[in-house]
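The structure appears right after this line, and notes come after that.
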Amino acid sequence: MESIKAYDVWREFIRTWKTWYRASEKNLLSLGMSTVEYRILKNLLERGPLPMIELANINMVTQGWITGVIDKLEKLGYVRRERSSEDRRIIKIQITSKGKDEYMRVEELHIKFIENTLRDFNDEEKYNMIRFLKKIQENVE
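Under the UniProt record's numbering, the first residue of the sequence shown carries the number 1, and numbering increases by one thereafter.
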């Protein structure tokens with residue numbers, strides 16, 4: 001077997017990740033939600049109400065940018081703004097029941113999309129992929 005350089009593995013990993021991520025974004029958009037909207041609703045569902053600055057930090061976007069996304073989600077009825085009872089200057093974002101229902105609908109279909117992209121791999125191969133990726137993470141950290 002021919003020796004493979006680490007750089008070639010890295011390059012192929014990046015190429016695959018970009019292709020998979022773009023396809024994932026396209027799938028979410030076809031379901032009516034952007035990637036950031038999906039992540040924001042997921043964050044709120046898992047963590048409860050969060051200040052805008054924390055949502056911006058978690059999603060690696062600016063506070064100004066997230067304001068526009070929250071405005072859109074609020075117009076759709078998926079989230080609502082609430083002033084913090086501890087500090088009235090802080091506005092927390094909370095997911096609504098409509099937002100939760102929409103997130104769950106999109107998530108179910110998005111998971112099917114992800115499962116379809118890995119359909120040609122058996123459980124052992126998927127387990128090994130996770131193991132390999134964790135090894136890379138450990139080496140990077």
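Positions of the beta carbon are idealized from the N, C-alpha and C atoms, including for glycine.
Nearest-angstrom beta carbon gap, residue j and residue i [assumed within contact, 8 Å]
i: Glu115; j: Tyr78; result: Between Tyr78 and Glu115 the Cβ distance is about 25 Å, and since that is not below 8 Å, they are no contact.
i: Lys112; j: Leu118; result: Going by Cβ atoms, the distance from Lys112 to Leu118 rounds to 11 Å, so no, they are not a contact pair.
i: Pro51; j: Ile90; result: 5 Å
i: Ile93; j: Arg81; result: 6 Å
i: Gln63; j: Ile53; result: 6 Å
i: Leu76; j: Ile40; result: About 12 Å; that fails the 8 Å criterion.
Under the three-state DSSP convention, the category residue i falls into
i: Arg81; result: strand
i: Leu118; result: coil
i: Lys92; result: strand
i: Leu133; result: helix
i: Ser24; result: helix
i: Thr19; result: helix
i: Leu73; result: helix
Span separating the alpha-carbon of residue i from that of residue j
i: Thr19; j: Lys98; result: 32 Å
i: Glu2; j: Arg22; result: 31 Å
i: Met33; j: Glu86; result: 32 Å
i: Asp8; j: Lys100; result: 42 Å
i: Asn122; j: Asn128; result: 10 Å
i: Glu124; j: Ser84; result: 47 Å
i: Trp10; j: Trp17; result: 10 Å
i: Leu133; j: Val61; result: 26 Å
i: His110; j: Met104; result: 10 Å
i: Ile130; j: Gly68; result: 36 Å
i: Arg15; j: Glu138; result: 21 Å
i: Lys135; j: Lys5; result: 17 Å
Under 8 Å between C-beta atoms of residue i and residue j
i: Tyr38; j: Leu45; result: no
i: Val36; j: Asn57; result: no
i: Asn43; j: Leu31; result: no
For residue i: DSSP bridge partner residues
i: Leu50; result: Ile93
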